[in-house]
Amino acid sequence: MPEDADCTVIVTAHADLDVERIVRESALVVDFRGVTRGIEAPNLVRL
Amino acid sequence: MRIGIVGLGYVGLPLGVAFCEAGQEVVGVDTDARVVEALGRGESHVEDVPADSLRAVSDRFQVSTRYAELAKVDAVVVAVPTPLTRNREPDLGPLVAAGTALAGVLQKDQVVVLESTTYPGTTRERFVPLLEESGLAAGKDFFAAFSPERTDPGRTDYTLRTTPKIVGGLTDECLRRAVELYELVCDEVVSMSTPEAAELSKLLENVFRSVNIALVNELAIPCDRMGIDVWEVVEAAATKPYGFMSFKPGPGMAGHCLPVDPFYLAWRAREFDTQTEFIELAGEVNQRLPYFCVEKIARALNDHSKPVRGSRVAIVGVSYKPGVGDLRESPAIKIMRLLREQGAEVSYHDDYLPQLAELGLRSECRRTPTVR
Chain A
1 MPEDADCTVI VTAHADLDVE RIVRESALVV DFRGVTRGIE APNLVRL
Chain B
48 MRIGIVGLGY VGLPLGVAFC EAGQEVVGVD TDARVVEALG RGESHVEDVP
98 ADSLRAVSDR FQVSTRYAEL AKVDAVVVAV PTPLTRNREP DLGPLVAAGT
148 ALAGVLQKDQ VVVLESTTYP GTTRERFVPL LEESGLAAGK DFFAAFSPER
198 TDPGRTDYTL RTTPKIVGGL TDECLRRAVE LYELVCDEVV SMSTPEAAEL
248 SKLLENVFRS VNIALVNELA IPCDRMGIDV WEVVEAAATK PYGFMSFKPG
298 PGMAGHCLPV DPFYLAWRAR EFDTQTEFIE LAGEVNQRLP YFCVEKIARA
348 LNDHSKPVRG SRVAIVGVSY KPGVGDLRES PAIKIMRLLR EQGAEVSYHD
398 DYLPQLAELG LRSECRRTPT VR
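Protein chains in written order, with my numbering: chain A, 1 to 47; chain B, 48 to 419.
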């Protein structure tokens, strides 16, 4: 799913979420849960 | 001991199973026939109660839609929903219905404990008078107490047994009997002087969270403007070993308790000609967050030269918290609705919720990355 979306939004981070892969494969990621902390990428926006 | 449970939801069902596991006989009553039928087949509708643990106690756990079954128990625990009306006032409908039905089967010497979260005074002024319609007197013929549920769906580090249980009895004897009941399943039982104090302590626990979540959520907005990472700020403050407790910002407050409980307190406070402004303000701040989130999404799209209208937005995770399939008051729904209103094509993925009837969507499962 995320690879063909214009924007992937992390609203609830269940334990098995592969955050790195979401950031790698999505055009744009908005993270409202802080689970992407430690990842720096031009397509990543955090709350 | 034979124990009755009224309301077989996320509070009553785990409690019933725990009493069974402690070797007691349990009669569970729920007015929802579908729930009772499913439980009768050994199927659990509560994630924290796996079907295996339900089946393991099936010989000691009887379920029914009939209150009459409760005439043969020694104690009854009532765990029914306490929601809000459309006007955001306490809705004691389910509680009144349970009290009325229970009065019809109440027996001498039974212990009745209310666990539903509610405003101080409910047990004494609303619940006990219903039970006394039976002709039996509280504190004399039967024993009444309040003991707030502390169920946290999805939590595994603390269990019913290892979480201290608060109890407030109508009289000393009521307290003594209720403490005895909970000592069967809880390592530590905390006695309080009155049911009112016990009722309010539960509300304090929840408004404490609501206020602190509002505080970090409020901080997230200026952080965003100033280009400061709010997560880094919270994590750094949390290194102080005393005097600080860490709460994380997020897209809004959700779940069964936090959005509801402040209204119970505010409503009761007004009756005593006083206000709980700070607590109500916290609710307002938390309600603002989904709107802020949508702004943030729009800005991110704009930076990629895309308008919200016509953009495909995939929401990852829609339940109100990790590890559960519960949507109650989830900010994801609000965010998805707002995005749709602005013309976005919204999809979502959540393994815990295969479909969202209210938005007419199904979870897109196959290609969402998860760690296996």
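Just so you know, even glycine gets a beta-carbon here, dropped at the ideal spot from N, CA and C. Quick caveat, the model's predicted, so the values are computed rather than measured.
7 angstroms Cβ cut-off: residues of chain B touching residue i
i	result
A/Gly-34	Trp-278, Lys-295
A/Ile-39	Going along chain B, no residue has its Cβ under 7 angstroms from A/Ile-39, so there is no contact; the nearest lies around 12 angstroms.
Span of the beta strand (DSSP E), counted from its first residue to its last, around residue i
i	result
B/Ile-52	49-53
B/Leu-392	It should be pointed out that residue 392 of chain B corresponds to Glu in this sequence rather than to Leu. From DSSP, the beta strand (DSSP E) with B/Glu-392 extends over 392-396.
B/Asp-77	Unbroken run through B/Asp-77: none, as it is neither H nor E.
B/Ser-111	108-111
B/Ile-362	359-363
B/Leu-62	B/Leu-62 -> not in any beta strand (DSSP E); alpha helix (DSSP H) instead, spanning 59-68.
A/Leu-44	44-46
A/Val-19	It is not in any beta strand (DSSP E) - A/Val-19 instead sits in the alpha helix (DSSP H) that spans 19-25.
A/Asp-31	29-31
B/Ala-103	Counting along the chain, B/Ala-103 falls outside any beta strand (DSSP E), though it belongs to the alpha helix (DSSP H) covering 98-103.
A/Ile-10	7-10
B/Ala-191	190-193
Continuous alpha helix (DSSP H) stretch holding residue i: start and end
i	result
B/Glu-179	175-179
B/Ser-293	Neither: B/Ser-293 is in no alpha helix (DSSP H) and is coded neither H nor E.
B/Val-280	277-284
B/Ala-420	The shown model of chain B, from 48 to 419, leaves out residue 420 of chain B, and the question about it has no answer.
B/Ala-301	Segment: none, B/Ala-301 is in no alpha helix (DSSP H) and carries neither H nor E.
B/Lys-381	378-388
Where residue i meets chain A, residues with beta-carbon distance less than 8 angstroms
i	result
B/Ala-379	Val-11, Thr-12
B/Leu-348	Asp-6, Cys-7, Leu-28
B/Tyr-399	His-14
B/Pro-306	Those do not exist, as B/Pro-306 stays about 16 angstroms from chain A at its closest Cβ, beyond 8 angstroms.
Where residue i meets chain A, residues with beta-carbon distance less than 7 angstroms
i	result
B/Ala-191	Going along chain A, no residue has its Cβ under 7 angstroms from B/Ala-191, so there is no contact; the nearest lies around 39 angstroms.
B/His-92	Result: empty, since nearest Cβ-Cβ is about 19 angstroms, beyond 7 angstroms.
B/Pro-298	Val-11, Phe-32
B/Lys-353	Asp-6
Residue i: contacting residues in chain A (beta-carbon distance under 9 angstroms)
i	result
B/Ala-267	Leu-47
B/Ile-382	Val-9, Val-11, Phe-32
Problem set entry | Given 8 angstroms, three or more beta-carbon pairs between the stretch 3-22 of chain A and the stretch 71-90 of chain B | No contact exists between the stretch 3-22 of chain A and the stretch 71-90 of chain B.
Exercise. Pairing CB atoms from the stretch 329-346 of chain B with CB atoms from the stretch 373-393 of chain B, are three or more of them under 8 angstroms?
Worked result: Yes, since at least three Cβ pairs between the stretch 329-346 of chain B and the stretch 373-393 of chain B fall closer than 8 angstroms, the two stretches touch.
For this session: State whether the stretch 403-410 of chain B contacts the stretch 227-245 of chain B, with contact taken as three or more CB pairs (one from each stretch) at a distance under 8 angstroms.
Result: No contact exists between the stretch 403-410 of chain B and the stretch 227-245 of chain B.
For this session: Decide if the stretch 252-272 of chain B is in contact with the stretch 222-231 of chain B; the criterion is three or more beta carbon pairs, one per stretch, under 8 angstroms apart.
Result: Proximity of the stretch 252-272 of chain B to the stretch 222-231 of chain B falls short of the contact definition, fewer than three beta-carbon pairs being nearer than 8 angstroms.
Exercise. Quick one, which residues of the stretch 359-376 of chain B are near chain A if we go by CB-CB under 8 angstroms, in chain order?
Worked result: Taking 8 angstroms as the Cβ-Cβ cut-off against chain A, the residues of the stretch 359-376 of chain B that qualify are Arg-359, Val-360, Ala-361, Ile-362, Val-363, Gly-364, Val-365, Ser-366, Tyr-367, Lys-368, Pro-369, Gly-370.
Problem set entry | Members of the stretch 312-345 of chain B that neighbour chain A once the beta carbon cut-off is set at 8 angstroms | So the list reads Cys-340, Lys-343, Ile-344, given in the order they occur along the chain.
Problem set entry | Completely contained beta strand (DSSP E) runs for the stretch 208-249 of chain B, where each covers 3 or more residues | Correct list: 212-216, 236-239.
Problem set entry | Runs of beta strand (DSSP E) lying entirely within the stretch 142-170 of chain B, each at least 3 residues, in chain order | Within the stretch 142-170 of chain B, the complete beta strand (DSSP E) runs of at least 3 residues are 158-161.
Problem set entry | Members of the stretch 213-238 of chain B that neighbour chain A once the beta carbon cut-off is set at 9 angstroms | Against chain A - using a Cβ distance shorter than 9 angstroms - the stretch 213-238 of chain B contributes no residues.
Problem set entry | Contact set between the stretch 97-118 of chain B and chain A, restricted to residues whose Cβ is under 7 angstroms from the partner | Near chain A, meaning a CB-to-CB distance below 7 angstroms, no residue of the stretch 97-118 of chain B qualifies.
For this session: Could you name the residues of the stretch 173-206 of chain B whose beta carbon sits closer than 9 angstroms to any beta carbon of chain A, in the order they occur along the chain?
Result: So nothing in the stretch comes that close.
Problem set entry | Every unbroken beta strand (DSSP E) within the stretch 307-366 of chain B, with a cutoff of 3 residues, ordered by chain | Assignment of beta strand (DSSP E) within the stretch 307-366 of chain B, counting only whole runs of 3 or more residues, yields 359-363 in chain order.
Exercise. Touching or not, the stretch 383-397 of chain B and the stretch 351-359 of chain B, by the rule of three or more beta carbon pairs under 8 angstroms?
Worked result: Output reads yes: the stretch 351-359 of chain B touches the stretch 383-397 of chain B.
For this session: Mind the definition here: the stretch 273-282 of chain B touches the stretch 125-139 of chain B only if three or more C-beta pairs lie below 8 angstroms; say whether that holds.
Result: The stretch 273-282 of chain B, when compared against the stretch 125-139 of chain B, does not touch it at the 8 angstroms Cβ threshold.
For this session: For the stretch 212-221 of chain B and the stretch 177-197 of chain B, state whether three or more C-beta atom pairs, one from each stretch, are separated by less than 8 angstroms.
Result: The stretch 212-221 of chain B makes contact with the stretch 177-197 of chain B: 3 or more CB pairs, one atom from each, lie closer than 8 angstroms.
Exercise. Taking a cut of 7 angstroms between CB atoms, which residues from the stretch 148-165 of chain B lie near chain A?
Worked result: Taking 7 angstroms as the Cβ-Cβ cut-off against chain A, none of the residues of the stretch 148-165 of chain B qualify.
Exercise. For the 8 angstroms Cβ check, are there 3 or more pairs between the stretch 241-252 of chain B and the stretch 263-277 of chain B?
Worked result: Between the stretch 241-252 of chain B and the stretch 263-277 of chain B, the count of Cβ pairs shorter than 8 angstroms is below three; the stretches do not touch.
For this session: Could you tell me whether the stretch 69-76 of chain B touches the stretch 310-324 of chain B, using the rule of 3 or more Cβ pairs below 8 angstroms?
Result: At 8 angstroms Cβ cutoff, the stretches do not touch.
Exercise. Counting pairs of beta carbons, one from the stretch 285-296 of chain B and one from the stretch 139-147 of chain B, are three or more of them closer than 8 angstroms?
Worked result: When C-beta atoms of the stretch 285-296 of chain B are compared with those of the stretch 139-147 of chain B, fewer than three pairs fall below 8 angstroms, so the two segments do not count as touching.
Exercise. Are the stretch 201-214 of chain B and the stretch 166-177 of chain B touching by the rule of at least three beta carbon pairs closer than 8 angstroms?
Worked result: Contact fails: fewer than three Cβ-Cβ distances are below 8 angstroms.
For this session: For the stretch 49-65 of chain B and the stretch 121-131 of chain B, state whether three or more C-beta atom pairs, one from each stretch, are separated by less than 8 angstroms.
Result: Short answer: they touch.
For this session: Say whether the stretch 59-69 of chain B touches the stretch 104-117 of chain B, bearing in mind that this needs 3 or more beta-carbon pairs closer than 8 angstroms, one atom from each stretch.
Result: Yes, the stretch 59-69 of chain B touches the stretch 104-117 of chain B.
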